[in-house]
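Written out below as C-alpha cells is the structure these notes cover.
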Amino acid sequence: ALEESGFDTFLPPPHIKRVYFEFIIRARFTDFPLPALIRALQAEGCRIHLPRYPLLHQQPFFTEGHWKQILRLAGEEDLPDYSRYTLPNTESTSQQMLKLPVFPGEDNGLLDEYITAFRKVLTNKEAILAACKATD
7 ALEESGFDTF
17 LPPPHIKRVY
27 FEFIIRARFT
37 DFPLPALIRA
47 LQAEGCRIHL
57 PRYPLLHQQP
67 FFTEGHWKQI
77 LRLAGEEDLP
87 DYSRYTLPNT
97 ESTSQQMLKL
107 PVFPGEDNGL
117 LDEYITAFRK
127 VLTNKEAILA
137 ACKATD
C-alpha cells in the first residue's frame with residue numbers, strides 16, 4: 007500500500023527473511039515537505055519520525071578518526087581525513103527517509119490503521135500544506 011502511495015519500502019525478495027528493529031521508507035515525492043507529512047501522520051496517531059542515526063560516514067568512528075586505531079599497518083601511512091568528506095547523493099537521499107515502528111504479530115489491524123492514516127493525509131495534502139503556511 008505504501009509503494010502505491012509514493013514510498014519505497016525496500017522489501018526483500020520473497021526468498022529472503024529479514025528481521026527489523028525499525029522500518030525505514032523513502033518518499034519518492036518532493037512536493038510534501040517531510041516535517042509537515044510527519045506532523046500530519048502523528049496527528050492521525052502514527053508513530054513516525056526521521057531516522058535517528060547519523061549516516062555511516064558522519065559517525066564519530068570516521069569523523070573523529072577512531073578507524074585509524076584499529077588498523078594494523080606496518081608503518082606510517084598517509085591516511086585520509088574522513089571528517090572533511092561529504093557524500094551529497096547519500097545525504098540528500100537520507101533527507102527523504104522516514105522511520106516507522108515494526109509491527110510484530112499476526113494482527114494486521116494496526117497496519118490497516120497506518121495505511122488509512124497515510125491515505126487520508128496524502129489525499130488531504132493541499133489542505134494540510136495550506137494550514138501549515140497559515141500557521142508559519
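In the working numbering, the protein residues as written are 7 to 142.
C-beta: ideal position from N, C-alpha, C; glycine also.
- Its Cα nearest to that of ASP87, the residue TRP73 stands out among HIS55, THR96, TRP73 and LEU40.
- Here LYS105 carries a strand assignment [DSSP, helix/strand/coil].
- Taking PRO107 as the centre and dropping the five residues before and after it, the same chain places the C-beta of ARG53 closer than 6 Å to its C-beta, in chain order.
- As computed with DSSP, ILE30 is found in a beta bridge with LYS105.
- Distance from the Cα of GLN102 is smallest, within the candidate group LEU62, ARG90, SER11 and PHE35, for PHE35.
- Nearest Cα to GLU83 within the set GLN75, PRO19 and ARG90: GLN75.
- Secondary structure at ASP14: strand, using DSSP grouped into helix, strand and coil.
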